[in-house]
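Encoded as structure tokens, the structure appears first; notes follow it.
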Amino acid sequence: MDIKNKILYDKLNERQRQAVFCTEGPLLILAGAGSGKTNVLIHRIAYLIQEKNIEPYNIMAVTFTNKAADEMKERLKGLVGHEAQQIWAATFHSSCVRILRRYIDRLGFNTNFSIYDADDQKTLMKRIFKEMPANTADLKERNVLRAISAYKDELISPSDALKYACGFAEKNNALLYEKYQSELRKNNALDFDDLINKCVELFEKNEDVLEFYQKRLKYIMVDEYQDTNTSQFRLIELLASSHKNLCVVGDDDQSIYRFRGANIENILSFEKIFKDTKVVRLEQNYRSTAAILDVANNVISNNVKRKEKKLWTDKKGGAKVKLKEFENGDQEASGILKEIASKAKKSSLNDFALLYRTNAQSRLFEEKCVNYGIPYRLVGGVNFYQRKEIKDILAYLKVISNSKDDIAVLRVINTPKRGIGETSLGKISSFASEFNINFYEACLNSWQIPSIGKTAYKIKSFTDFIEKARKELAKIDISDISDNIVYKNGDMDNFYNEAYKDTDIPDLLQSGDDKRVSDIINYILDEGGYRDYLMLEGDTQAQSRLENIKELISKAQMYKASLLDIFLEETSLIADVDTTDKSAQMLTLMTLHGAKGLEFEYVYMCGMEEELLPCTMSIASGDEADIEEERRLCYVGMTRAKKQLVLSYAKKRLINGGFDYKEVSRFIREIPPQLLDTDIKNELLHQGINRKKSVYIAGYNTNPYKQFNKSLPFGKEFIVKKSEKPDYKAGDMVRHIKFGEGEVLSITEGKKDYEIEVNFKKSGIKKMMAGFAKLEKM
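Put into structure tokens, the structure is as follows:
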């Protein structure tokens with residue numbers, strides 16, 4: 001190691017250096033909040049390149065947001081220079097899109113597939129509901145989609161979901177899941193869960209494809225590993241199974257996405273699944289004061305299912321954590337915002353964050369911000385890419401790119417109005433079903449539809465408009481441009497890696513055509529009449545929407561028209577946190593979930609009450625795992641603060657026209673009184689927790705494939721009879737219908753059932769309830 005690099009790594013603390021220099025074999029880095037994990041990751045990559053002479057091309061770093069991936073690349077530039085661009089640094093979803101664009105034809109899809117967002121999924125499910133009215137009378141699209149997502153998180157196919165469904169609700173969900181997947185395939189579309197699942201399926205069914213990526217990606221790093229679900233775990237397991245140089249970074253104390261499918265067992269059981277794992281704990285915190293860390297440590301230590309660690313800092317002193325009590329929610333909002341306004345006179349509003357458990361709590365704070373003239377940004381509001389005019393333009397682009405996308409076609413065929421009524425659309429849909437073709441193909445052949453009449457001319461006007469864009473502007477077929485592009489090392493995959501922003505690599509993207517995606521958008525605005533359509537809404541509204549489209553055009557200007565698919569990928573994969581603008585002076589309002597990964601000088605956590613934090617659903621479930629997740633959420637909020645943390649609660653809140661008297665959160669009562677700055681005379685503050693009687697609701701925790709609640713919340717209250725003790729014991733070999741053969745590691749008696757821990761030969765360690773697992777002793 002030369003002197004320059006030695007100085008570089010000497011800046012790290014001892015534990016951080018251990019993590020950086022451990023390069024071979026599986027490594028688990030338990031990185032506490034504010035412990036400099038990003039710094040460790042980029043230095044580890046730099047060490048691999050500079051000292052171990054590993055090709056950047058052979059390194060993969062997986063993150064959860066585009067913003068984190070871009071930040072990693074930018075910081076790496078400062079350490080390794082231009083070689084940083086060759087590193088595969090991307091999100092799970094972006095990585096899978098790159099792989100699928102090249103190989104998904106092996107699974108029967110075209111490579112120009114569409115990616116459906118939440119609105120597209122809901123629209124598709126509405127169509128399915130119309131076709132299956134007998135099964136959907138009392139259902140909501142989002143609940144069914146949530147259940148489908150739960151299946152996909154656990155890699156459960158529609159056929160398996162149907163085979164093992166218990167009761168009417170699960171059977172109905174499984175049927176809808178089967179129909180939903182069929183419609184996606186017909187539309188040549190994938191949802192976000194499919195991006196991971198189809199990649200896993202591709203690898204499992206095509207050894208040559210898996211081997212290609214295993215040879216390329218010799219060193220794999222995964223950030224925020226505590227947030228991975230079962231399908232993401234399987235993806236990484238497959239990629240790392242050859243070289244086994246897998247480094248995961250995470251903190252089980254910050255696992256807060258169980259409701260999205262995150263499986264905390266992935267990090268808790270990492271050493272059991274990957275043999276000879278080295279573990280490095282990063283416990284020195286560089287963000288918060290000792291006073292804040294003492295409070296956070298005391299709260300999180302009450303969790304049972306966690307890896308022991310304790311954050312510490314060499315920062316001396318710091319203000320005590322404040323605890324404030326208010327008579328009601330209105331006074332809480334007023335009191336907190338007045339204090340922030342006063343403090344902001346000596347600081348920037350950007351230094352302040354106001355955190356709460358649910359989006360609904362923001363209303364009072366927003367109103368008070370307006371009243372007091374406090375500018376604020378609401379994180380988690382309407383994402384730029386979810387605004388109507390943006391979704392309309394993107395839908396047009398999707399149709400031009402992938403005409404099989406029925407959802408996109410239906411969105412724009414009558415936007416702006418073309419006089420194609422619902423009756424005509426119904427005839428087209430019936431014609432498409434009768435001849436087993438997609439909706440756009442039916443439009444192209446609309447003159448053959450009986451009784452369609454003069455509407456056929458209106459439909460032809462629409463299809464002519466789309467076909468002109470496809471042929472003269474987009475030229476989207478990859479085969480049309482592949483001969484004019486020189487791929488690095490002859491690798492088309494590298495083309496996708498590099499082609500996101502042609503401003504960085506102009507030579508790579510010369511396709512013989514200077515048309516841009518922005519030209520297609522302008523064509524839609526002018527030739528398609530969309531600009532005139534917006535102007536009908538009135539000057540102010542139209543101007544606002546046109547400004548948004550101009551912003552989209554600015555981004556689209558960076559992409560060749562022939563790279564329309566890639567432009568659509570990137571816009572599909574952008575999250576709220578990637579679009580947060582921090583340049584303006586504003587107070588940040590956001591949920592505790594939204595605050596993950598951020599930090600602020602001053603943090604105010606409001607609504608610290610039972611049935612808010614922890615929330616009502618977690619209390620009612622009767623599952624201690626739900627409470628532990630709420631406690632982790634509280635811990636995440638606390639560790640966002642750098643200088644000052646303020647906790648507040650209201651004694652009562654106005655709910656449904658009446659006051660609901662609240663009890664202070666159990667998490668407040670877990671903090672030793674001497675650590676708090678408060679003059680509250682509340683005898684309940686540090687008494688034992690008055691736990692309310694749990695009510696079991698049918699539909700909650702009944703999904704046999706999940707360790708968390710994603711089932712439909714309906715049904716009647718009933719008492720669950722405790723299961724009989726299994727006929728197998730620890731050490732016995734058992735068989736599971738999905739996971740195959742495995743060895744029983746432990747059997748733990750619970751209140752309602754026995755929890756079984758099994759090490760499956762193919763799927764690793766799983767924990768499940770005996771009654772649902774239906775394990776067969778071998």
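For the sequence shown, counting from 1, position 545 maps to 545 in full-length UniProt numbering; every step adds exactly one.
C-beta atoms are modelled at their ideal positions from N, C-alpha and C, and glycine is treated no differently.
Range of the contiguous beta strand (DSSP E) that encloses residue i
i	result
residue 191	189-191
residue 587	587-591
residue 746	740-749
residue 304	Element bounds for residue 304: n/a, residue is neither H nor E.
Inter-residue Cα distance where the pair is residue i and residue j
i	j	result
residue 221	residue 390	35 Å
residue 643	residue 343	13 Å
residue 270	residue 636	22 Å
residue 364	residue 611	18 Å
residue 429	residue 212	42 Å
residue 23	residue 161	40 Å
residue 672	residue 298	8 Å
residue 547	residue 554	11 Å
residue 142	residue 400	28 Å
residue 19	residue 373	48 Å
residue 678	residue 286	26 Å
residue 12	residue 280	14 Å
residue 697	residue 66	In this prediction, residue 697 scores a pLDDT of 29, lower than 50, which makes its location untrustworthy; no coordinate-derived value is stated.
residue 758	residue 267	16 Å
residue 86	residue 57	5 Å
residue 352	residue 680	24 Å
residue 755	residue 726	10 Å
residue 300	residue 767	23 Å
residue 165	residue 177	12 Å
residue 651	residue 603	21 Å
residue 774	residue 167	16 Å
residue 416	residue 425	15 Å
residue 174	residue 154	14 Å
residue 760	residue 621	29 Å
residue 306	residue 433	53 Å
residue 36	residue 68	14 Å
residue 764	residue 273	6 Å
residue 625	residue 215	39 Å
residue 728	residue 231	28 Å
residue 103	residue 534	40 Å
Close beta carbons around residue i, own chain, < 6 Å, minus the five adjacent residues each side
i	result
residue 419	458
residue 647	323, 605, 608
residue 396	412, 524
residue 116	189, 191
residue 451	none
residue 43	20
residue 193	149, 152
residue 99	199
Endpoints, the alpha helix (DSSP H) within which residue i is located
i	result
residue 285	Per DSSP, residue 285 belongs to no alpha helix (DSSP H) and is neither H nor E.
residue 124	118-131
residue 436	Looking at the DSSP string, residue 436 is not in any alpha helix (DSSP H), and its letter there is neither H nor E.
residue 233	230-240
Cβ-Cβ separation, residue j to residue i (assumed contact under 8 Å), whole Å
i	j	result
residue 184	residue 15	Contact flag wrong, Cβ pair sits at about 46 Å.
residue 354	residue 587	6 Å
residue 675	residue 295	5 Å
residue 33	residue 639	4 Å
residue 234	residue 200	5 Å
residue 46	residue 80	5 Å
residue 144	residue 125	6 Å
residue 528	residue 278	Contact doesn't hold; Cβ gap of about 58 Å is too wide.
residue 516	residue 560	6 Å
residue 591	residue 357	7 Å
Beta-carbon contacts of residue i that lie in its chain and below 8 Å, excluding the five residues immediately before and after
i	result
residue 730	744, 745, 746, 747
residue 107	198, 201, 202, 205
residue 778	732, 733, 734, 735, 741
Own chain partners of residue i with C-beta closer than 7 Å, once the 5 adjacent residues on each side are dropped
i	result
residue 227	64, 255, 257, 262
residue 332	326, 606, 648, 650
Contained alpha helix (DSSP H) runs [length at least 4] in the stretch 311-378, N- to C-terminal order: 329-343, 362-372
Where are the alpha helix (DSSP H) runs, 4 residues long or more, that stay fully inside the stretch 519-556, in chain order? Listed in chain order, the complete alpha helix (DSSP H) runs (minimum 4 residues) inside the stretch 519-556 are 530-535, 539-556.
Going along the chain, which unbroken runs of the beta strand (DSSP E) with 3 or more residues stay wholly within the stretch 5-52? 27-31
May I have a chain-ordered list of the alpha helix (DSSP H) segments no shorter than 4 residues that lie completely inside the stretch 46-90? Segments of the alpha helix (DSSP H) lying fully in the stretch 46-90: 66-80.
At what residue ranges does the stretch 155-195 contain a whole run of the alpha helix (DSSP H), taking only runs of 4 or more? Counting only runs of 4+ residues, the alpha helix (DSSP H) found wholly inside the stretch 155-195 occupies 158-163, 167-186, in chain order.
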